[in-house]
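Working notes, beginning with the structure itself.
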Amino acid sequence: MFARDQPPGNVSWVEEVERGCGGCVDGDVGKRVWMWMWVMDVEVDNGMWGMVGENLYGVHPMYLVVEENGSSHAVLWLNSNAMEAETMPLPGLTLRSIGGIIDLFFFLGPTPEQVVAQYTSVIGRPFLPPYWSLGFQLCRYGYNSLENLTSAVSRTRRHGIPQLPAGEYPVHEAGVANDVYITWPEGEAPDENFGAGDVMLGYVWPDNRTAFPDFFRQKTRDWWTEQIVDFHKTLEFDGLWI
Numbered sequence: 027m028f029a030r031d032q033p034p035g036n037v038s039w040v041e042e043v044e045r046g047c048g049g050c051v052d053g054d055v056g057k058r059v060w061m062w063m064w065v066m067d068v069e070v071d072n073g074m075w076g077m078v079g080e081n082l083y084g085v086h087p088m089y090l091v092v093e094e095n096g097s098s099h100a101v102l103w104l105n106s107n108a109m110e111a112e113t114m115p116l117p118g119l120t121l122r123s124i125g126g127i128i129d130l131f132f133f134l135g136p137t138p139e140q141v142v143a144q145y146t147s148v149i150g151r152p153f154l155p156p157y158w159s160l161g162f163q164l165c166r167y168g169y170n171s172l173e174n175l176t177s178a179v180s181r182t183r184r185h186g187i188p189q190l191p192a193g194e195y196p197v198h199e200a201g202v203a204n205d206v207y208i209t210w211p212e213g214e215a216p217d218e219n220f221g222a223g224d225v226m227l228g229y230v231w232p233d234n235r236t237a238f239p240d241f242f243r244q245k246t247r248d249w250w251t252e253q254i255v256d257f258h259k260t261l262e263f264d265g266l267w268i
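Structure, rendered in structure tokens:
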């Protein structure tokens with residue numbers, strides 16, 4: 027069923043064994059919940075896991091139903107606009123979107139394994155992470171005392187792991203010099219722009235001001251390539267988390 031201004035899709039089924047939508051803080055739809063979906067690379071509000079119903083880094087608007095006899099199916103509600111899902115006690119599900127082009131994919135299984143295989147044939151197969159990425163990692167969180175922090179720095183140096191000097195970031199300095207960042211239109215930068223001139227600043231993790239490279243411009247791509255090549259000459263890394 028579709029409405030003119032806000033197209034919802036209503037779905038009902040016989041059994042109550044239904045799961046989805048992935049990437050949401052509260053993915054248990056065995057109860058009546060609302061889940062809203064909009065891809066934003068921002069920190070969630072409530073600590074590490076966010077508010078109930080809030081999506082994390084990505085959204086997966088797909089639900090899977092498993093009947094009592096094991097027969098299964100799934101539906102992918104693919105759309106670029108903001109969406110929300112509401113479970114109902116029928117049992118059933120209402121999907122809403124504020125607009126956009128809606129592509130519906132039906133995966134008929136009939137087994138759960140076949141449903142997942144059919145689903146990944148559309149969105150892409152998962153890849154095996156590199157083994158080096160599965161080991162212990164250094165994190166910026168958890169240093170609850172100066173002694174704890176200096177101990178981590180000393181241990182890292184002792185094992186010969188390179189570190190960037192604190193308070194310096196030549197990549198950003200080169201970016202400013204090469205005019206690679208997204209900027210405000212002329213005359214529209216805020217009066218207080220923290221010394222960034224006309225560079226547009228936003229907030230991401232950690233909670234501080236961030237400049238965003240404009241990768242639609244060739245000179246930005248050239249600057250980024252040069253920085254990565256120079257960094258690899260210093261430290262022959264296997265991969266980058268960007």
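Just so you know, we're using my numbering here: the sequence shown kicks off at 27 and counts up by one. Every residue, glycine too, gets a C-beta built ideally from N, C-alpha and C.
By DSSP's criteria, residue i is part of a beta bridge. Which residues make up the other side?
i, result
"L266", "L266 is not bridged to any residue."
"M61", "A111"
"N234", "V230"
"V225", "T209"
"P239", "Y207"
Does the beta-carbon distance from residue i to residue j come in below 9 Å?
i, j, result
"V111", "W64", "Note that residue 111 is Ala in the sequence shown here, rather than Val. No, these two residues do not count as a Cβ contact at 9 Å."
"F131", "V101", "yes"
"Y169", "L175", "yes"
"M109", "P87", "yes"
"G186", "P138", "no"
"D256", "V206", "no"
"T260", "N204", "no"
"G8", "T236", "The structure shown has nothing for residue 8, since the chain only spans 27 to 268."
"G135", "S171", "no"
Please classify residue i as buried or exposed, where buried requires at least 16 other C-beta atoms within 10 Å of its C-beta.
i, result
"V55", "Any reading at V55 must be qualified, since the residue scores a pLDDT of 49, below 50, and its modelled position is unreliable; no value is offered."
"V40", "Annotation note: pLDDT 47 at V40 (below 50); position unreliable, coordinate value reported separately. Label assigned to V40: exposed."
"W249", "buried"
"S106", "exposed"
"F220", "exposed"
"G228", "exposed"
"W267", "exposed"
"L119", "buried"
"C121", "Rather than Cys, the amino acid found at residue 121 in this sequence is Leu. Its Cβ being crowded by 16 or more others within 10 Å, L121 is buried."
"Y195", "exposed"
"H258", "exposed"
"V92", "buried"
"G265", "exposed"
"V148", "exposed"
"S123", "buried"
"V202", "exposed"
"V230", "exposed"
"T251", "exposed"
Assuming the contact rule is C-beta atoms closer than 8 Å, residue i and residue j should be a hit. Round their C-beta distance to whole Å, please.
i, j, result
"M226", "F238", "7 Å"
"L90", "V141", "6 Å"
"W103", "I128", "7 Å"
"Q144", "F133", "4 Å"
"A200", "Q253", "7 Å"
"L164", "T146", "Not confirmed; about 32 Å, so no contact."
Inset, instruction - Tell me the start and end of each unbroken alpha helix (DSSP H) in the region 159 to 187 that is at least 4 residues and wholly inside, in chain order. - result: 172 to 184
Inset, instruction - Output the residue ranges of the beta strand (DSSP E) runs that lie fully inside the region 70 to 147 and measure 3 residues or longer, sorted by chain position. - result: 81 to 86, 88 to 92, 98 to 104, 109 to 114, 118 to 123, 129 to 133
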